[in-house]
Amino acid sequence: MQETKPTRVRYLILLMLFLVTTINYADRATIAIAGSSLQKDLGIDAVTLGYIFSAFGWAYVAGQIPGGWLLDRFGSKKIYALSIFTWSLFTVLQGYVGEFGVSTAVVALFMLRFLVGLAEAPSFPGNARIVAAWFPTAERGTASAIFNSAQYFATVLFAPLMGWIVYRFGWQHVFIVMGVVGIVFSLVWLKVIHSPRQHPMINEAEFNHIAANGAMVDMDQDKGRGKKTDGPKWDYIRQLLTNRMMLGVYLGQYCINGITYFFLTWFPVYLVQERGMTILKAGFIASLPAICGFIGGVLGGVISDYLLRKGHSLTFARKAPIIAGLLVSSSIVACNYVDIEWMVVGFMALAFFGKGVGALGWAVVSDTSPKQIAGLSGGLFNTFGNLASITTPIVIGYIISSTGSFKWALVFVGCNALMAVFSYLVIVGPIKRVVLKEPAARDDQLSSLSEAKS
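Residue numbering for the sequence shown follows full-length UniProt numbering, starting at 1 and increasing by one per position.
Below is the structure:
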């Protein structure tokens, strides 16, 4: 007998995205939690530590477009599983760099962080593709906000744990524990993740519901068979790069990620060196702003989808939480004017809450990506956004080295929030799906025009 009540398999898929993104960000943050102890053991300065922090970003940015293309060609399931396994393996190996001399250890750590970044490159374009395939348009804001909020949950869950591991066993063990967690999860991923049409748990009612309301359910059909038409079309990238809306979104994401990477790299060091906390206390304190970021991240998506359901335009529904949240996030600068510990943590928490509310860039990508190249579009978006993973740690390292404090570093972070507001207010314009022109179609038109003139 045919089932009439729709299943809710898409929420299981969303749970998997949330969990894998939690592990993803926890593995990124291992170096931040271990940073102060590692710096002391290896005898390195702030600039060198900044470059080690940035190693992830160099490869992560370089891998975005190739990673997005691999997702479009071979599908999300296999490429993402390989990504999880390899970044986790390289995380484990970081735990053994202390076996070498100082110079070799620094080089090895930089290279392993570089390889983690390269392996993680397909992760967020993969998240965006899976959300676009599984969720109707009116649910995408919440779905994207939930998987994106995992970056804060990772700090809430793992920062105290990792701080305790460093305090009790040494910084090396943080990498080993987190890497093993990821390797195990890669096997779970292969078991649970499927495309909507192929998932054994979905029924016809849910499939029809999501398909009729904007989900791109056939995105991963026939992937991996090596069709010639699956190759990269560089003209598509040119069209995205000449689209004013997308350029504004890219700039906004770069600035938002500037805030993110302060928290992922220098924030625990700030608590230890500028505010005099122990690494154990810093691990627990770092979780408080992250809790607020998590709440803000989920709330931003819920508000956005609520506005959409109430009849507001897609542009207003996405932009309003982004602009309001990032204005609140600029309050991080206030930490320079208070000395009481709870007030410092309070302003950091407020800034992270605002950043969470405003971090709807992936929902915008799901709304705007051309269906032919959803992975490539997400990869290009993440390329621009994660240039901040390179520049932010290095710029802050130089600021600290030259000034001896974090005061101008916090001003730098606050300016990133305001620049993102400017981008969405002035540059982005109306938010709508990009429709690509096929290169062959334009060539045909040009040929016809030439023939007509002849």
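C-beta: ideal position from N, C-alpha, C; glycine also. None of the values given here were measured: they were computed from a predicted structure.
Subject >> Top-ranked residue by Cα proximity to Lys40, from Trp58, Ala154, Ile23, Val102 >> reply: Its Cα nearest to that of Lys40, the residue Val102 stands out among Trp58, Ala154, Ile23, Val102.
Original post:
What number of angstroms, rounded off, separates the C-alpha of Leu271 from the C-alpha of Pro370?
Top reply: Cα to Cα, the separation comes out at about 43 Å.
Original post:
From Gly117, Met201, Val249, Gly182, pick the residue whose C-alpha is nearest to that of Val9; which is it?
Top reply: Met201
Original post:
For Arg318, does the count of other Cβ atoms within 10 angstroms reach 16, so buried, or fall short, so exposed?
Top reply: buried
Original post:
Cα separation between Phe169 and Leu247?
Top reply: One C-alpha to the other measures close to 46 Å.
Original post:
Candidates Leu38, Ser402, Gly385: which alpha carbon is nearest Glu99's?
Top reply: Leu38
Original post:
Which runs of the alpha helix (DSSP H), 4 residues or longer, sit entirely within the stretch 398 to 435?
Top reply: Correct list: 407 to 422.
Subject >> Cβ-Cβ distance between Val180 and Thr30 below 8 Å >> reply: no
Original post:
Does the stretch 247 to 256 come close enough to the stretch 397 to 410 that 3 or more CB-CB pairs lie under 8 Å?
Top reply: no
**OP:** Tell me where the alpha helix (DSSP H) around Glu204 begins and ends.
**Re:** 204 to 212
Original post:
Quick one: is Gly224 buried, meaning 16 or more other Cβ sit within 10 Å of its Cβ, or exposed?
Top reply: In this prediction, Gly224 scores a pLDDT of 49, lower than 50, which makes its location untrustworthy; the coordinate-derived value is nonetheless stated afterwards. Classification of Gly224: exposed, given that the 10 Å Cβ count is below 16.
Original post:
Relative to the C-alpha of Val395, which residue among Ser83, Thr265, Ala108 is closest?
Top reply: Thr265
**OP:** Name the residue from Asn416, Pro430, Lys310 whose alpha carbon lies nearest to the alpha carbon of Thr391.
**Re:** Asn416
**OP:** Give every residue of the same chain whose Cβ lies closer than 7 Å to the Cβ of Trp58, excluding the five residues on either side of it in the sequence, and list them in chain order.
**Re:** Phe114, Gly117, Ile390
Original post:
What residue does the alpha helix (DSSP H) around Ala334 start on, and which one ends it?
Top reply: Looking at the DSSP string, Ala334 is not in any alpha helix (DSSP H), and its letter there is neither H nor E.
Original post:
Ser149 to Val106, Cα distance in whole Å?
Top reply: 32 Å
Original post:
From Gly296 to Val328, what does the alpha carbon distance come to, in whole angstroms?
Top reply: The straight-line gap from Cα to Cα measures roughly 11 Å.
Original post:
Arg275 by DSSP, collapsed to three states: which one?
Top reply: coil
**OP:** Could you pull out every residue in the same chain whose Cβ sits closer than 6 Å to the Cβ of Gln94, ignoring the five residues on either side in sequence?
**Re:** Leu112, Phe175
Original post:
What are the boundary residues of the alpha helix (DSSP H) that includes Lys5?
Top reply: Neither: Lys5 is in no alpha helix (DSSP H) and is coded neither H nor E.
**OP:** Below 6 Å CB to CB, which residues in the same chain sit around Ile13 once its five sequence neighbours on both sides are set aside?
**Re:** Trp134
**OP:** Any chance you could list the alpha helix (DSSP H) runs of at least 4 consecutive residues sitting entirely within the stretch 268 to 327, in chain order?
**Re:** Along the stretch 268 to 327, the alpha helix (DSSP H) occurs as fully enclosed runs of 4 or more residues at 279 to 309, listed in sequence order.
**OP:** Report all residues from its chain with a CB closer than 6 Å to the CB of Asn127; omit the five preceding and five following residues, and keep chain order.
**Re:** Leu17, Phe147
Subject >> Rounded distance between the beta-carbons of Cys255 and Ala143, thought under 8 Å >> reply: With a Cβ gap of about 23 Å, Ala143 and Cys255 do not count as contacting.
Subject >> Inter-residue Cα distance where the pair is Glu341 and Arg275 >> reply: 8 Å
**OP:** Could you confirm whether any beta carbon from chain D is found closer than 8 Å to the beta carbon of Phe347?
**Re:** Within the model displayed, chain D is absent; a lone protein chain is all it includes.
**OP:** Please say whether Gly300 and Ala388 have beta carbons closer to each other than 8 Å?
**Re:** no
Original post:
On the premise that Gly414 lies in contact with Pro125, defined as a C-beta separation below 8 Å, what is that separation, rounded to the nearest angstrom?
Top reply: Between the beta-carbon of Pro125 and that of Gly414 there is about 29 Å, and that puts the pair past the 8 Å contact cut.
Original post:
What's the gap between the Cα of Leu187 and the Cα of Met216?
Top reply: 26 Å
Original post:
Counting Cβ pairs closer than 8 Å, one from the stretch 428 to 438 and one from the stretch 336 to 356, do we hit at least three?
Top reply: no
Original post:
Roughly how many angstroms separate the alpha carbons of Met178 and Glu206, rounded to a whole number?
Top reply: 36 Å
Subject >> Endpoints, the alpha helix (DSSP H) within which Ser369 is located >> reply: Taken as a continuous stretch (DSSP letters only), Ser369 belongs to no alpha helix (DSSP H), as it is neither H nor E.
Original post:
alpha helix (DSSP H) containing Tyr96: first to last residue?
Top reply: Segment: none, Tyr96 is in no alpha helix (DSSP H) and carries neither H nor E.
**OP:** Please specify which runs of the beta strand (DSSP E), each continuous and at least 3 residues long, are wholly inside the stretch 35 to 113, giving them in chain order.
**Re:** none
**OP:** Count the other CB atoms, across all protein chains shown, that sit within 10 Å of the CB of Asn213; report buried if there are 16 or more and exposed otherwise.
**Re:** exposed
Original post:
Looking at C-alpha atoms only, which residue of Leu425, Ser287, Leu360, Leu326 is the closest neighbour of Ile33?
Top reply: Ser287
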